[in-house]
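Here is the structure we will look at.
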Amino acid sequence: MNYTKQIQDIASQLFAEGKIDVFVGYRLNGFDDNQVPVLIKDPQDVHKLVFTDKSVFNLVNYLKTDHTRRKRVGLVVKGCDSRSLNLMLTENQVKRENIYVVGICCEGVTDDAGQKMQNCVDCMVPDAVVSDELLGTASGADTLTYKMNADVAALSNIPLTERAAYFEEVFENCIRCNACRHSCPLCYCAKCCIDQETATLYNGANTTSAAFHALMTWSLHLAGRCVDCRNCEKACPSHLPLHLLHKQNESVIFENFQEHLAGVIPEDRGAFYKYSLKDPDDFIM
Amino acid sequence: MARVGVFVCFCGANIADYVDVPQVVEEVKRIKEVKFATEYKYMCSDPGQGMIRDAIVQNKLTSIVVAACSPRMHEKTFRKALSDAGMNPYLLEVANIREHSSWVHQKDKKAATEKAMDLCRMAVAKSIANEQLHEISVPVTKRALVIGGGIAGIQAALDIADARIPVVLVERSPSIGGKMAQLDETFPTLDCAQCILTPKMVDVASHPYIELIPYSEVIELQGFVGNYKVRIKKKASYVNFKTCTGCGACWQKCPVKVPNEYNMGIDKRKAIYTPFPQAVPNKPVIDAEHCTMLTKGKCGICAKVCDKGSIDYTMQDEIIEREIGAVVVATGYDMWDPKPYEEYGVGRFKDIITSLEFERMVSANGPTNGVPIRPSDGKVPKNVVFIKCVGSRDEAKGIEYCSKICCMYTTKHTILLHHKVHDSHAYVFYMDIRAAGKGYEEFVKKAQVDTGTTYLRGRVSKIYKKGDKLMVRGEDAQLGQVVEVEADMVVLATAVSAPKDNPDLARLLGISYDKYGYLSEAHPKLRPVETAKAGIFLAGCTQAPKDIPETVSQASACAAKVCGLFAGDTMKKDPMVSTINNEYCSGCQNCVKVCPYGAIVTDDVPIGHGSKELRTVAKINEGVCQGCGSCVAICRSMAINLAGFTDPQIINEIVSI
Amino acid sequence: MSFSTFVTDKAGLQKFYEAIMASQETYAPVEKFGKFDFKRVSALAECDPESPIAKTMSIKPLFFPRTAKVMKFVATSAGTDVSEVDEDPLAVKRVILGVKHCDARSLQVLDKVYNWDYIDTDYQNRRQNTVIISTRCDKADTHCFCTSLDYDVENLDAMDILVVHGTDGKEYIKARTEKGNELLSSDVTRHASPVTEEITAPVLKSQYASFAASFRLKMNYKEVNEKLSKIFDTPEFENVSGNCVSCNTCAFVCPTCHCFKISDEKIKDTGVRYKSYDSCNNGYFTLMAGGHNPRPAKYRRWRQRAMHKFVYYKERFGENLCVGCGKCTISCPVNISIFEVVNQVSAAAMQE
Amino acid sequence: MEAEVKDQLVSIEKPELIAPPNWEPVIMGILCNWCSYAGSDLTGTSRIQYPPNIRIIRVPCSSRVDPWFLIKSLQTTADGVLVSGCHPGDCHYISGNYFARRRFLVTKKLLNFVGFHENRIQFSWVSAAEGPKFAKVVNKVTEDIKKLGPLHLYKKENFEKK
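Residue numbers (the numbering used here), protein chains in the order written: chain A, 1 to 285; chain B, 1 to 657; chain C, 1 to 352; chain D, 1 to 162.
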C-alpha cells in the first residue's frame with residue numbers, strides 16, 4: 001500500500017486550485033521508517049507527504065484543533081478514520097463543504113514493530129465510507145458480520161475474580177494524563193465532563209479509583225461511537241489495552257441492538273441516541 | 001456558605017413509633033451546613049409550617065429540608081411555607097422518612113432510624129446545591145378536547161361549553177350516547193335512560209361551543225399542557241352529512257344485513273345505518289366492511305334512492321387537526337366477555353345471556369319490543385336465574401376488583417322482569433349485595449319484597465341442560481347445601497372491564513394505565529380526575545367502574561378542572577426544566593434527537609467574547625420542556641442540566657452517606 | 001574522600017541486586033503492558049534493572065507521586081478538623097535499582113526547585129532516605145541526547161551507586177556518595193571484590209567512549225539557551241507545534257516537570273486533599289477563575305514548555321530543566337521531539 | 001458464578017477481603033418519580049416490609065440516570081445499585097425508559113466486564129401500582145448483594161465506611 005505519489009498530486013492540485021488552506025497528511029518522522037501527522041500549509045511542503053502502511057494516526061483528530069477549525073482542509077482518511085469523520089459530520093463538528101476527503105481503501109497498517117495492527121486484522125470497514133476521492137481498490141468487505149475481538153472474548157471467559165484483578169492492574173497503571181481522550185477524534189467537548197467543576201468527585205486526583213472513574217465514563221461516552229482507530233492506545237504512555245473497553249461496548253451494542261458499526265451509516269449517531277421496542281428487556285426485573 | 005434548616009416530622013405516631021426522631025435530629029445537627037434542626041408532631045400542620053417560617057427568618061437559612069412523608073404528598077405544602085417566609089420555594093428538599101423508612105421497617109427501629117438519618121443527610125446534601133427557581137409562564141390555547149361521547153363525555157363537554165370554552169368532542173361510533181343509550185331504565189329511580197340522556201345529546205349537537213366530530217378517532221397528541229396539538233382521523237362515512245336529511249330511505253332499502261351492535265347482535269341492522277333511532281347526529285353511515293358496493297362494487301341502491309345525492313362511495317378518511325389546551329378522556333368501558341366460564345356452558349347454551357343483552361330485550365326500543373324471550377325458542381321465560389359477579393371478584397377467571405354496578409343493575413333487572421312478565425320468578429345467586437349509594441339499599445330492599453325474588457348466597461358451580469330447561473347448580477351458603485334451580489333463562493351479571501384499546505390510547509396520550517387497562521389518576525384520593533400528565537383529565541369508567549351519578553360527577557369535576565386551567569391567559573409551569581450552558585455545549589445536537597417533546601432547538605452564539613464568528617449550540621424551549629432529563633444524561637459535555645435534579649444535586653446525594 | 005568500588009561478573013551483579021532486595025526495601029522497573037514502571041519488588045524475577053530506556057517510566061513518581069494526599073479533614077458543625085495524612089510510604093529507607101543516568105540527574109535538577117523558597121519536606125525526606133543505584137547505558141536510544149546538555153554524564157554524581165557494564169565483560173559497582181558507600185560496605189557486596197581506581201578508570205572511560213559515540217542526537221545547548229531567550233515571539237513555535245494533539249503525556253512522563261494541581265474529594269463528612277500532576281500543555285492549565293486564559297493557543301503552551309526547559313529554569317537555577325532522556329518524544333503519539341523543537345526554533349532564529 | 005457464603009463473608013470480586021462482622025450492604029436506589037418512586041410510596045402506604053439497606057434517590061425519569069451515577073455510587077458508599085423506572089411503553093415522558101434501557105444494558109455489561117459481579121447493578125420496572133413488586137425487588141437485590149459481600153473495587157481510598 002503506497003499512495004504517496006497520488007496524495008502529493010492531489011494536495012498540489014488542491015492548493016493550486018485554491019480549494020484548501022491546509023492539508024493534513026503524514027510525513028516520515030525523520031529518524032526511522034515510521035510516520036507522523038503533518039499539517040501542510042505551504043504548497044512548497046507537499047513533497048513531504050507520504051502514505052504507506054505506516055500511516056497509522058487517525059488524522060480526523062486534527063479537525064478539532066485551532067489549526068483546522070473553520071478552515072478548508074484536505075484530509076487523508078482510512079476506513080476507520082472515515083467512520084470517525086462521518087460521526088464528526090453527523091454531530092455537526094465539521095462542515096462537509098469545508099473538507100476535501102481523500103479516502104483510502106486500506107489494506108491495514110502496521111505498528112512500530114512492523115506487525116499488522118490488531119484492529120486492522122479484525123477490520124470490518126477497510127474502505128473509506130466518506131470521500132471526495134477514493135484511492136485503491138474497494139474491498140467490498142462485509143460490515144454486517146461482527147468479528148468478536150479475541151481479547152474481549154478471552155477475558156469474558158475467565159472467572160470474574162481474575163478479570164477483576166486484570167483490570168485492577170490496568171487502572172492502577174493509568175497515570176491519568178488524559179492522552180487517550182485528547183488523541184481521540186471524537187472527544188471534542190469544549191471541556192471534558194471529568195474536568196468540570198460540577199463533577200465534584202474525582203475531578204482532579206490521580207488515584208486508581210479516579211482512573212477507573214475517568215476511563216469508565218470515557219468509554220461509555222464513546223459507546224456506539226468508537227471506530228477502533230486506536231489513537232488512544234497509541235497515545236497511552238502506559239500502553240494500556242484501552243481497546244478492551246471499547247470493543248466490549250461495541251460487541252454488546254452489536255449483538256443486542258443490531259446496530260451498525262459506529263460511523264458506517266451517514267447521519268447515524270450511535271446506539272445511545274435511538275432505541276427499538278425490541279431491545280432486550282430480560283435483564284430488567 | 002449554605003445554611004440549612006432541617007425539620008423532622010413525627011407524623012403523629014406514623015414516623016415516631018418506628019424511627020427515633022430525636023436521634024435523627026441530633027445526627028443532622030452534626031452536618032457542617034446544618035444551622036438549625038428541630039422536630040415536631042405534624043410538620044404539615046399550621047403550627048408546623050409556622051416553625052419553618054420562623055426558623056427561616058431567625059436563622060437566615062438558605063435551604064430547607066423537611067423530613068416527613070413522601071414529597072409526592074406534601075412537597076407543595078412546604079414549598080408554600082417557604083414562599084410565605086419570603087424564601088424561594090424551590091430551596092426545599094423533602095426527605096421521605098415515612099413511606100421509605102418508618103412504614104417499611106416497622107420491625108427494626110435501629111435500622112429504620114439509621115436509614116432515616118441517611119435520607120436526611122442526602123436531602124441536606126442535595127439542598128445545598130439547590131438553586132432559586134422561578135415559575136415559567138406559558139400561553140394557553142383555550143379549547144378542550146373530549147374523547148368519548150358517552151354520558152361522561154357529554155356531561156364534560158356541556159359543562160365546559162357552558163363556560164363558553166370551545167370543546168371538540170370526538171366519538172368513535174357514528175352517534176354519541178355510549179352505553180347509557182343502550183340502557184332501558186336506570187337504578188335506583190327507574191327513570192328511562194333515553195328520556196334523560198337524549199335531551200343532553202341534542203344539546204351537544206346544537207351547542208354553539210361544541211364541535212362534534214363523530215365516527216372519528218384521536219391518532220396523535222403532541223405538545224404539553226395548554227398547548228396541545230391533536231390529530232383526529234375522521235373515518236369515511238360515505239354520506240355527506242351536510243346534505244343528508246336523515247330521511248331513512250337508504251337504510252330501509254339496503255339489502256345487506258349485519259348483526260346490530262346496539263342491540264348486542266340480537267337483531268340485524270343494514271350496511272348503511274344509524275345506530276339507533278335517537279342517534280345524534282341522526283345521519284347514517286356506511287359500514288365499509290359489509291357494504292357490497294364498497295367491497296365488491298355491486299349494489300349502489302342507497303345512492304339510487306337518495307333524493308339529495310348524499311351518498312359518496314369515493315369518500316376518504318380525513319385528518320382533522322386542532323389546537324387544544326386540555327383533554328378529557330371519557331372512553332367508557334367494555335362488557336367483559338364471560339367465555340372463560342365454561343362450566344356455565346357459556347357459548348353452548350343459547351339461553352344464557354349477558355346482562356346487557358337482557359337490558360336490550362327489556363328495553364322498549366329493543367329488538368324484542370321490551371319482552372324478554374329465550375333466544376333458543378323465542379318463548380317468554382318464566383324462571384330466570386341471575387348470576388352475579390361473573391368475572392368480577394374472581395381472581396382465577398377474571399378480575400380481582402368489584403365492578404360496582406352489577407348488584408344494582410341486577411336488582412333493577414329483577415324488577416324489570418317482574419314488570420314485563422308478571423308470572424315470572426327470579427332467582428339471584430350472589431356473593432354480597434353491595435348497595436352503597438343514595439337510595440340504593442332502599443331500592444334493593446323494596447325490590448326484594450315487591451318481586452318476591454329468591455336470593456341465594458353462593459357461587460354457581462355448574463349449569464347443564466335438562467330438556468329445554470337449564471339446570472343451575474349452586475351452593476346456598478346460608479343453608480350450607482347444594483341447590484339446583486330449573487331455569488328458562490340465565491342472565492350473567494358480567495363484569496365491567498377497561499376498553500381494550502385503553503393501553504394504546506394511553507401511550508398515544510402519554511399517560512399511564514393500571515394492570516387492568518384502566519387509565520391511572522394522579523392520586524387515588526386527592527387527584528382522582530387528573531392524570532399524571534398535566535392538562536389531561538379522566539371522566540367515567542375509563543378510570544374505574546362506576547355508576548351514572550358518579551360518572552356525571554366526575555365529568556363535571558373534569559369540566560371544573562379544565563375551566564380552572566383556562567382561567568388565565570397564561571399558565572404557570574413548573575420551573576424544573578433543562579438549561580444549557582453555552583460555554584460547554586459542543587453543538588452535537590444529540591439532545592435534539594432524544595427529546596420526546598421537540599423542546600430543543602438550535603441557536604447560534606458567538607465563538608467567544610465579542611467575536612463575530614458564530615457557532616451552533618442547543619437551546620431549550622422552556623414552555624415545551626417537561627423536565628424528563630433525557631437530554632441531561634446523554635449530554636457528554638455536561639452542558640445541560642435539569643433544574644431541580646442537577647448533576648451536582650444528585651452527586652451530592654450519592655456522596656453524602 | 002574516596003568511595004569504594006567493586007568488580008564482579010554478570011551473575012555477581014544479579015546476586016548483588018538480590019542481596020539488596022533481601023535486606024532493603026527496593027524499587028525497580030517492573031514490566032506491565034510492555035512498559036516498565038518503578039515499583040516495590042522483592043525478587044529479581046519480578047523486575048528488570050536493565051529495562052530498555054525507551055520503555056521505562058521515570059523515577060519521578062517515587063519522589064513526587066502522581067497523586068499525593070496533602071491532608072485529611074473532617075467537616076462537621078463542630079468545626080473542621082484537619083489531620084495529617086498517614087505515614088508517607090515513600091519516605092522510608094529504600095533503594096532504587098535500574099535508574100538511568102538521566103533520571104538520576106533529573107532529581108539533582110529538581111532538588112533546586114524543591115529547596116528554593118519553599119522547602120518541600122516530603123520531597124526532602126524521600127530523597128534523604130533513598131539510595132539510588134544507577135546503571136550507565138551502553139547505547140543511546142533514538143531520542144536520547146543527555147550528552148548534549150549541561151551536565152557531565154561520565155562523572156555524574158547524582159546517583160549514590162554507579163553500575164557500569166565494563167567493556168571487559170565485568171560489572172563495576174562504584175559508590176558515588178557516602179550513602180552509597182555505606183550500603184556497599186555492608187554484606188550486599190559479598191559476591192563482588194573491591195577494586196582500585198587505577199583498574200576501573202580506563203574500563204569506565206572506554207565504556208563511556210563507546211556509549212557517547214552511539215548518540216544520534218547532538219546539539220549545542222549553550223547556543224540553544226541563548227537563542228531561545230531572545231526569540232519569544234517567533235512564529236516558528238506555531239509550526240513546530242502544528243501536529244501536537246495537546247495530550248499532556250509529555251509532562252506526565254517527563255522526569256523534571258513538576259507542576260501540580262490541588263483537588264479536594266469529600267464523602268460524607270470526610271475529605272482528602274490531593275496534589276496531582278498537571279501539564280502546561282493542558283488547555284485550561286492557565287485558565288483563570290474569571291474566564292481569561294493567557295495561553296489559549298497550542299503554540300503558546302508549547303513555547304512555555306520549551307522555554308521553561310531551556311530558558312526560565314536556567315535563568316533562575318543555572319541549569320537546564322531538560323535532561324535529554326527523550327521520554328516525551330517516545331510517549332508522544334505524534335513523536336514531537338523537544339530536541340527538534342528547540343533546535344528548529346533556534347535555527348529559525350538564526351535566519352531572522 | 002455463585003457466591004459462596006461460608007462462615008466468613010468475603011468480597012466476591014476480591015475473595016481475600018473479608019467483610020467486617022455484622023456487615024450490612026448499602027444499596028443505592030435511583031427511582032423515577034412517576035412510576036417506581038410512586039410504587040415505593042405505595043409499598044410504604046401498604047406497610048409492606050422490606051430490608052432497610054436501600055437508600056433512595058428520586059429522579060424525574062429513568063432516562064435522567066447517567067451511568068455516571070451508577071459508577072459514582074459503586075465507587076463511594078454503595079455495594080450495589082438498583083435503578084427502577086416505568087414499564088416499557090408506560091414512560092411518563094413517552095420514550096425515556098427506552099433510551100435508558102440501552103444505556104443500562106451496556107453499562108451493566110461493561111461493569112461486569114471489568115470485574116463487578118452482575119448482580120451489583122440491577123434494574124427493574126416498577127409501576128406506581130406495584131407496591132408489592134417494589135418490596136420484592138428490594139428483597140431480591142438486598143439478598144443478592146448480601147451474598148456477594150462488600151464491594152471493594154475502585155472504592156474511594158481511605159474513606160471509612162460506617
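Glycine included, C-beta positions come from ideal geometry on N, C-alpha and C.
- Query: How big is the Cα-Cα spacing for residue 143 of chain C and residue 14 of chain D?
  - Reply: Distance between the alpha carbons of residue 143 of chain C and residue 14 of chain D: 42 Å.
- Less than 8 Å separating the beta-carbons of residue 607 of chain B and residue 73 of chain D? Contact: no.
- Query: Would DSSP call residue 658 of chain B helix, strand or coil?
  - Reply: The displayed coordinates of chain B run from 1 to 657. Any statement about residue 658 of chain B would go beyond what the structure contains.
- Using a beta-carbon distance cut-off of less than 8 Å, what residues from the region 584-618 of chain B approach chain A? Residues of the region 584-618 of chain B whose Cβ lies closer than 8 Å to any Cβ of chain A, in chain order: 584, 585, 586, 587, 588, 589, 590, 593, 594, 613, 616.
- Could I get the ranges of all uninterrupted alpha helix (DSSP H) runs contained in the region 167-252 of chain B, with 4 residues as the minimum, in chain order? The region 167-252 of chain B contains these whole alpha helix (DSSP H) runs: 193-206.
- Task: Return no unless some Cβ of chain D is closer than 8 Å to the Cβ of residue 111 of chain B.
- Result: Output row for residue 111 of chain B: interface = yes.
- Query: So, helix, strand or coil for residue 493 of chain B, using DSSP?
  - Reply: Here residue 493 of chain B sits in strand by DSSP.
- Task: Measure how close the beta-carbons of residue 327 of chain C and residue 148 of chain C come, nearest whole angstrom, since I'm counting them as under 8 Å.
- Result: Contact between residue 327 of chain C and residue 148 of chain C fails: their C-beta atoms lie close to 16 Å from each other, not under 8 Å.
- Message: For a test of the three-state rule: what should DSSP assign to residue 119 of chain D, helix, strand or coil?
- Response: Reduced to three states, the DSSP call for residue 119 of chain D is helix.
- Message: At the level of alpha carbons, what is the spacing between residue 30 of chain C and residue 130 of chain C?
- Response: When rounded, the separation of the alpha-carbon atoms in residue 30 of chain C and residue 130 of chain C is 18 Å.
- Message: Any beta carbon of chain C sitting closer than 8 Å to that of residue 219 of chain A?
- Response: Output row for residue 219 of chain A: interface = no.
- Message: Check whether the region 538-545 of chain B and the region 398-415 of chain B touch, using three or more Cβ-Cβ pairs below 8 Å as the test.
- Response: Note that the region 538-545 of chain B touches the region 398-415 of chain B; at least 3 beta-carbon pairs, one per stretch, sit closer than 8 Å.
- Could you tell me the boundaries of the beta strand (DSSP E) in which residue 409 of chain B lies? In this chain, residue 409 of chain B is not harboured by any beta strand (DSSP E); it is covered by the alpha helix (DSSP H) spanning 406-420.
- Only counting runs of 3 or more residues, tell me where the beta strand (DSSP E) segments fall wholly within the region 118-180 of chain A, in order along the chain. For the region 118-180 of chain A, the full-length beta strand (DSSP E) segments reaching 3 residues or more read 133-135 along the chain.
- Show which residues of chain B have a CB atom less than 9 Å away from the CB atom of residue 92 of chain A. The answer, in chain order, is 586, 587, 588, 589, 602, 616.
- Query: Bridge partners of residue 641 of chain B, per DSSP?
  - Reply: Its beta-bridge partners are B:579.
- Under 7 Å (Cβ pairs) to chain A, residues found in the region 615-648 of chain B: Within the region 615-648 of chain B, the qualifying residues are 616, 634, 636, 637, 638, 647, 648.
- For residue 145 of chain B, which three-state DSSP category applies? Residue 145 of chain B falls in the strand class under three-state DSSP.
- Query: Touching or not, the region 368-377 of chain B and the region 515-535 of chain B, by the rule of three or more beta carbon pairs under 8 Å?
  - Reply: Fewer than three pairs of CB atoms, one per stretch, sit closer than 8 Å, so the region 368-377 of chain B makes no contact with the region 515-535 of chain B.
- Query: In chain order, which beta strand (DSSP E) runs of at least 3 residues are fully inside the region 60-91 of chain B?
  - Reply: Listed in chain order, they are 63-68.
- Go through its chain and collect everything with a Cβ distance to residue 2 of chain D's Cβ below 6 Å, but skip five positions before and after it. Unreliable positioning characterises residue 2 of chain D in this predicted model, as indicated by a pLDDT of 43, which lies under 50. The coordinate reading is nonetheless provided below. Contacts found: none.
- Message: Against residue 335 of chain C, what residues of chain A qualify as contacts under a CB-to-CB distance less than 8 Å, listed in chain order?
- Response: Result: 29, 34, 36.
- Using the DSSP secondary-structure output, state which residues sit across from residue 515 of chain B in a beta bridge. Note: residue 515 of chain B sits in no beta bridge, so no partner.
- Task: For residue 85 of chain D, decide whether its Cβ has a neighbour in chain B, counting only Cβ atoms nearer than 8 Å.
- Result: Cβ-Cβ to chain B under 8 Å: no for residue 85 of chain D.
- Figure out for me which residue from C:103, C:15, C:146, C:88 has the closest Cα to the Cα of residue 217 of chain C. Checking every option, the nearest Cα to that of residue 217 of chain C belongs to C:146.
- Can you tell me where the beta strand (DSSP E) with residue 441 of chain B in it begins and where it stops? In the DSSP annotation of this structure, residue 441 of chain B is not part of any beta strand (DSSP E); the continuous alpha helix (DSSP H) holding it starts and ends at 440-451.
- Query: Can at least three beta-carbon pairs, one atom from the region 286-300 of chain B and one from the region 214-225 of chain B, be found at a separation below 8 Å?
  - Reply: With the cut-off at 8 Å, the region 286-300 of chain B and the region 214-225 of chain B do not touch.
- Under the three-state reduction of DSSP, which class applies to residue 40 of chain B: helix, strand or coil? If DSSP states are grouped into helix, strand and coil, residue 40 of chain B belongs with the strands.
- Determine the direct distance from the alpha carbon of residue 127 of chain B to that of residue 76 of chain B, and round the result to whole angstroms. Approximately 16 Å, taken between the alpha carbons.
- Message: With a threshold of 8 Å between beta carbons, is residue 656 of chain B in contact with chain C?
- Response: Using beta-carbon distances, residue 656 of chain B counts as an interface residue toward chain C, with a partner under 8 Å.
- Which same chain residues, not among the five before or five after residue 341 of chain C, have their C-beta less than 6 Å away from its C-beta? Hits under 6 Å: 240, 306.
- Compute the Euclidean distance between the alpha carbons of residue 300 of chain B and residue 271 of chain B, then round it to the nearest angstrom. One C-alpha to the other measures close to 12 Å.
- Task: Residues of the region 51-76 of chain C with a CB closer than 7 Å to any CB of chain B: list them in chain order, please.
- Result: Of all residues in the region 51-76 of chain C, 75, 76 have a Cβ within less than 7 Å of some Cβ in chain B.
- When we look at the beta-carbon of residue 182 of chain A and count the other beta-carbons within 10 Å, is it buried (16 or more) or exposed? The C-beta of residue 182 of chain A has 16 or more other C-beta atoms within 10 Å across all chains shown, which makes the residue buried.
- Query: Does residue 295 of chain C get closer than 8 Å to chain A when you measure Cβ to Cβ?
  - Reply: At a cut-off of 8 Å between beta carbons, residue 295 of chain C makes no contact with chain A.
- Are the Cβ atoms of residue 204 of chain A and residue 279 of chain C separated by less than 8 Å? Their beta carbons are not under 8 Å apart, which means residue 204 of chain A does not touch residue 279 of chain C by this criterion.
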